[in-house]
Structure formats: C-alpha cells, structure tokens
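So for the sequence shown, full-length UniProt numbering puts the first residue at 1; every next one is plus one.
Take a look at the structure below.
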Amino acid sequence: MLRELYDNFTTRISPFCKEVIINVKRGARQGDTILPKLFSAALENIMRHLEWEDLGVKVDGRYLHHLRFADDIVLITPKIEQAERILAEFDNACGKIGLRLNLTKTMFMKNGLVPDALFRLNGKISPNALAMRAYKNIEGVVEKTKNIRFAYLFDTAVLPASTYASETWTLRKQDEHAVSVAQRALERAMIPLYTQVQKGIRSSELRRRTKIGDAVDHAKSLKIRWAGHVMRYSDDRWTRAVADWIPRDIKRTPGRPPTR
1 MLRELYDNFT TRISPFCKEV IINVKRGARQ GDTILPKLFS AALENIMRHL
51 EWEDLGVKVD GRYLHHLRFA DDIVLITPKI EQAERILAEF DNACGKIGLR
101 LNLTKTMFMK NGLVPDALFR LNGKISPNAL AMRAYKNIEG VVEKTKNIRF
151 AYLFDTAVLP ASTYASETWT LRKQDEHAVS VAQRALERAM IPLYTQVQKG
201 IRSSELRRRT KIGDAVDHAK SLKIRWAGHV MRYSDDRWTR AVADWIPRDI
251 KRTPGRPPTR
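In structure tokens, the structure reads:
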C-alpha cells in the first residue's frame, strides 16, 4: 500500500512565481504516525514464523518464550544455551527484513538458578549502572544551581532509573538496605561539601537537606500500584497467568522462606 502511495507521487512548489514539480521518494521515517503500526506488523510476522513452540519456560502448560511491548522485547529461557539460540534466530529473522538489534540496549539478566557463563551475540552483552548514569546526565545542572529544589531533578530523572522494574522485586531486607546505601551515595554526591565534612553528617540530615524522595518507599508504592493493575485484569494475558501460577512440578528448597 505504501509502495503504491509513493509511486509517481509528486509535489509542487512555486518559487518566484514559477511552478516546479518535485518527485517525492521519502518513504516512511522515524516519527511518522504509521511507523509504529508497521513495526508491530513486521514483528508479529517474524514471531509467527519462528519455531519456538517447545522453547522457553513452561507456565500452566504453556511455554513462555518472549514478551513484547512495541519495540521492547524480552526473551525468556531456562538455559543460557537456549537463550543464545533464540536470540541468534531472532537476530537472523530480523535481518531478513532489514531490522537490526541494538546491542547497546540489549541486556542479559539471570537469576541465581542459572550458573555463571559467558553470553555472546556478536560480542559480549553486559548491563549498565542505570541510576549513576542517570545522575551523570543532570550532574552539571545540580552543581550549578544553588536552589535546594534540584531535588525535583533527582526525583524525575534518577529515582525512576534506580527503581526501574521494581514492580518485580522481592524487596527483602537486604535488598532494601542495598537500595538505601546506593541512594545515600548519590545524595552525598549532590551535596557540595568536602568529604571530611560529609563523613560527619548523618543520613537523616542529608535527607533533610536534599529533600529527595526515598527510593525504597517509591519502589513499594510502584509494587502496590502494579498489583492493583494485575488484580483488575480479566483476560488470559501472561501478566495474570504468571501471577496466579503455582509451579507444582518444582519442590521448594528446605528451610524458612527468605525474610521480606
């Protein structure tokens, strides 16, 4: 349809009262309203031709191997070898229609059940320190401003990055402590004081001066808000299926559950 739309497509301009006809060969570019729909249709066509029926993690009798939202895609596998295979097949299928994976935004995540191993796709894939990188983006503004309301910059730029995907966190006591320690380090970087002076300031005094939001409280509020969304779902989407899923074929490890 788009090919026919741009076939013999021209526009007219009249510089100095002289009409000029120009052939338009623009095509679809980033920012066009139709582009997200084209991308979703192309991605759906790719997924339908990939043979992944027996790959992924089994949830309530169905295999969950990927989740996608617009151009954000998560590939889910129980083994690193399977993850490399799925990612390679997906990359190959995308290349056939002119799409390429952005390796700078591709991350490999695993839980404690997966052994440490090198994960590669045309090079090593590693995660980034999102919170500190987000702070570096506003560090110059924070250093120049004398107004304590630069806490607004922290709450709008750094806090969302440090609590990204916190809806899925277990938030054990040790996790809350780790988040608090990281936030206090960022707070001390925000206060224009010498290191010797900073060491004598309590964390409560730092929080009073910076007036920034607490990362742990923010993460908990996000979890509660997300739980409300899941409870209101009435269809068979994976979000509700995974939340209600009880893995009856897996035994719980001995000992008490981790302290929450």
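Ideal placement from N, C-alpha and C gives every residue a C-beta, glycine not left out.
Treat the numbers as computed from the prediction; the structure is a model and nothing was measured.
(message) For Pro127 and Ala185, I'd like the C-alpha separation in whole angstroms.
(response) Locating residue 127 in the sequence shown gives position 127, counting from the first residue. Locating residue 185 in the sequence shown gives position 185, counting from the first residue. Any reading at Pro127 needs caution, since the residue's pLDDT is 44, under 50, leaving its predicted position unreliable; the model's value is listed next. C-alpha separation (whole angstroms): 20 Å.
(message) On the CB-based measure, 16 or more other CB atoms within 10 Å of its CB, does Glu44 come out buried or exposed?
(response) Walking along the sequence shown from the start, residue 44 turns up at place 44. Taking all protein chains in view, the Cβ of Glu44 is surrounded by fewer than 16 other Cβ atoms within 10 Å, so the residue is classified as exposed.
(request) Return the residue from the list Lys96, Asp71, Gly98, Leu55 that minimises the CA-CA distance to Thr77. (result) Working through the sequence shown from its first residue, we reach residue 77 at position 77. Looking at Lys96, Asp71, Gly98, Leu55, the one whose alpha-carbon comes closest to that of Thr77 is Leu55.
(message) Can you tell me whether Ile13 is helix, strand or coil according to DSSP?
(response) For the purposes of this step, residue 13 is taken as the residue at position 13 of the sequence shown. If DSSP states are grouped into helix, strand and coil, Ile13 belongs with the strands.
(request) Would you kindly check if the distance between the Cβ of Asp72 and the Cβ of Ala241 is under 8 Å? (result) Position 241 of the sequence shown, counting from 1, holds the residue named residue 241. Position 72 of the sequence shown, counting from 1, holds the residue named residue 72. Contact flag unset, no.
(message) For a test of the three-state rule: what should DSSP assign to Ile250, helix, strand or coil?
(response) As a first step, residue 250 must be located in the sequence shown, where it is residue number 250. Per DSSP, reduced to three states, the secondary structure at Ile250 is coil, with no helix or strand assignment.
(request) Would you check if the distance between the CB atom of Glu176 and the CB atom of Lys223 is smaller than 8 Å? (result) Locating residue 176 in the sequence shown gives position 176, counting from the first residue. Locating residue 223 in the sequence shown gives position 223, counting from the first residue. Going by C-beta atoms, Glu176 is not nearer than 8 Å to Lys223.
(request) State the DSSP-derived secondary structure class of Val179, mapped to helix, strand or coil. (result) Here residue 179 is taken as the residue at index 179 of the sequence shown, counted from 1. DSSP, read as helix, strand or coil, puts Val179 in helix.
(message) Using the Cβ count rule (16 or more neighbours within 10 Å means buried), how would you classify Ile212?
(response) Within the sequence shown, residue 212 is the residue found at index 212, counting from 1. Residue environment for Ile212: buried (at least 16 other C-beta atoms within 10 angstroms of its C-beta).
(request) For Ile86, count neighbouring C-beta atoms within 10 Å of its own C-beta (all shown protein chains included) and say buried if the count is 16 or more, exposed if not. (result) As a working mapping, residue 86 is identified with position 86 in the sequence shown. Buried: at least 16 other Cβ atoms inside 10 Å.
(message) Within 10 Å of its beta-carbon, does residue 262 have 16 or more other beta-carbons around it, so buried, or fewer, so exposed?
(response) The structure shown has nothing for residue 262, since the chain only spans 1 to 260.
(request) Assign Glu4 to buried or exposed, taking buried as 16 or more other Cβ atoms, counted over all protein chains shown, within 10 Å of its Cβ. (result) Stepping through the sequence shown from its first residue, residue 4 is reached at position 4. It is exposed - the Cβ of Glu4 has fewer than 16 other Cβ atoms within 10 Å.
(request) Would you please state the rounded distance, in angstroms, between the beta carbons of Thr33 and Val24? I believe it to be under 8 Å. (result) Here the question's residue 33 lines up with position 33 in the sequence shown. Here the question's residue 24 lines up with position 24 in the sequence shown. 17 Å between Cβ atoms; not a contact.
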